[in-house]
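Q: Encoded as structure tokens, here's the structure I'll be asking about.
In this note's numbering, the protein residues as written are 100 to 307.
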């Protein structure tokens, strides 16, 4: 049974394309392509990002996109490769006298309130964090739609080319954008109440 990793690796080698050249053409790290070909999913980000990497890689190699993604879905178990921190830290119980306890609670309350005020103040002054992982800027593709995925703050609102999209509890977002022939400029904006907006643009060229 054909695997996604073998499919990508054999197709690249048949075209005599090195991993270094493919990574340069796709504007990705060599380590990402190596992980895809070896199916080392634990070294890659969340599934939506991996799906975008495979879609771009398959298009680059001239493979059938739908078939390649089907191989990926068959091989990738999202639950299996979701890393969880299961470590447990042992903390020795502290012995507090009543006076020490009162003083500790008072000091912690004052510090917590001060930190809260500081965070609220700086949060208003700063625009929300925004990262667009895919597509890379000045990317080229032969398919009429591209996956846009990235990360922001969970309280932020994301719009892609003026269309609002959902953000999960970790701040991840993903959507698909239809492309017109030639040069396309995709605009991603993150906004948060009372804060300046964050804006990132990506240029993608659709080659007929």
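Heads up, the beta-carbon is just placed ideally off N, CA and C, and yes, glycines get one too.
Label residue 251 either buried or exposed according to how many other C-beta atoms from any shown protein chain fall within 10 Å of its C-beta, with 16 as the threshold for buried.
A: Position 152 of the chain shown holds residue 251. The residue is buried, with at least 16 neighbouring Cβ atoms inside 10 Å.
Q: Please list the terminal residues of the continuous beta strand (DSSP E) segment that includes residue 258.
A: Here the question's residue 258 lines up with position 159 in the chain shown. First-last of the beta strand (DSSP E) with residue 258: 256-259.
Q: Would residue 229 be called buried (16 or more neighbouring beta carbons within 10 Å of its own) or exposed?
A: Residue mapping note: residue 229 aligns to position 130 of the chain shown, counting from 1. Classification of residue 229: buried, given that the 10 Å Cβ count is 16 or more.
Q: Do residue 290 and residue 256 have their C-beta atoms closer together than 8 Å?
A: Indexing the chain shown from 1 puts residue 290 at position 191. Indexing the chain shown from 1 puts residue 256 at position 157. Closer than 8 Å, so yes.
Q: Let's test the definition: count the other Cβ atoms within 10 Å of the Cβ of residue 263 and tell me whether it reaches 16, buried, or not, exposed.
A: Mapped onto the chain shown, residue 263 falls at position 164. Under this definition residue 263 is an exposed residue.
Q: When the Cα of residue 273 is compared with those of 153, 280, 238, 245, which residue comes out closest?
A: Along the chain shown, read from residue 1 onward, the residue named residue 273 stands at position 174. Closest option to residue 273, Cα to Cα, is 245.
Q: For residue 138 versus residue 174, is the C-beta distance shorter than 8 Å?
A: Here residue 138 corresponds to residue number 39 of the chain shown, with the count starting at 1. Here residue 174 corresponds to residue number 75 of the chain shown, with the count starting at 1. Remark: C-beta atoms of residue 138 and residue 174 approach each other more closely than 8 Å.
Q: Could you compute how far the alpha carbon of residue 225 sits from the alpha carbon of residue 297?
A: Numbered from 1 along the chain shown, position 126 holds the residue referred to as residue 225. Numbered from 1 along the chain shown, position 198 holds the residue referred to as residue 297. Computed Cα separation, rounded: 9 Å.
Q: With three or more C-beta pairs closer than 8 Å as the rule, is the stretch 132-147 touching the stretch 104-123?
A: The stretch 104-123 is in contact with the stretch 132-147.
Q: Using the DSSP secondary-structure output, state which residues sit across from residue 271 in a beta bridge.
A: Taking the chain shown and counting its residues from 1, the one referred to as residue 271 is at position 172. BP columns for residue 271 point to 250.
Q: Could you tell me how far apart the beta carbons of residue 247 and residue 259 are, in whole angstroms, since I believe they sit closer than 8 Å?
A: The residue you call residue 247 lines up with position 148 of the chain shown. The residue you call residue 259 lines up with position 160 of the chain shown. Between residue 247 and residue 259 the beta-carbon gap is near 5 Å, inside 8 Å, which marks them as a contact.
Q: In terms of residue numbering, what span does the beta strand (DSSP E) encompassing residue 301 cover?
A: By one-based count along the chain shown, residue 301 stands at place 202. Counting along the chain, the beta strand (DSSP E) containing residue 301 begins and ends at 297-305.
Q: Output the distance between the C-alpha atoms of residue 116 and residue 295, rounded to the nearest integer angstrom.
A: Counting from 1 along the chain shown, the entry for residue 116 is found at position 17. Counting from 1 along the chain shown, the entry for residue 295 is found at position 196. If you draw a straight line from the Cα of residue 116 to the Cα of residue 295, it comes to about 44 Å.
Q: Locate the beta strand (DSSP E) running through residue 281, then write down its first and last residues.
A: Against the chain shown, residue 281 aligns to sequence position 182. For residue 281, the uninterrupted beta strand (DSSP E) segment begins and ends at 281-290.
Q: Buried or exposed: where does residue 172 fall if 16 or more other Cβ atoms within 10 Å of its Cβ makes it buried?
A: By one-based count along the chain shown, residue 172 stands at place 73. Residue 172 comes out exposed.
Q: Tell me whether the beta-carbon of residue 121 lies closer than 8 Å to the beta-carbon of residue 128.
A: Start at 1 with the first residue of the chain shown, and residue 121 comes out as number 22. Start at 1 with the first residue of the chain shown, and residue 128 comes out as number 29. No. Outside cutoff.
Q: Would you mind stating whether residue 201 and residue 148 have Cβ atoms separated by less than 8 Å?
A: Reading the chain shown from its first residue, position 102 is the one you call residue 201. Reading the chain shown from its first residue, position 49 is the one you call residue 148. Contact flag unset, no.
Q: Only counting the same chain, and skipping five residues up and downstream in sequence, which positions put a Cβ closer than 6 Å to that of residue 270?
A: Working through the chain shown from its first residue, we reach residue 270 at position 171. Only 250, 251, 252, 253 meet the Cβ criterion.
Q: So residue 238 and residue 303 are in contact, right, with Cβ under 8 Å, and what is the actual spacing, rounded?
A: What you label residue 238 is simply residue 139 of the chain shown in a count that begins at 1. What you label residue 303 is simply residue 204 of the chain shown in a count that begins at 1. Indeed they touch by this definition, with Cβ atoms about 5 Å apart.
Q: With a 10 Å radius around its C-beta and 16 neighbouring C-beta atoms as the bar for buried, classify residue 157 as buried or exposed.
A: Residue mapping note: residue 157 aligns to position 58 of the chain shown, counting from 1. Label assigned to residue 157: buried.
Q: Name the residue from 217, 164, 280 whose alpha carbon lies nearest to the alpha carbon of residue 305.
A: The residue given as residue 305 occupies position 206 in the chain shown. When each option's Cα is compared against that of residue 305, the closest is 280.
Q: According to the neighbour-count rule (16 or more other Cβ atoms, all chains shown, within 10 Å of its Cβ), is residue 268 buried or exposed?
A: For the purposes of this step, residue 268 is taken as residue 169 along the chain shown, with counting starting at 1. Answer is exposed; the Cβ neighbour count stays below 16.
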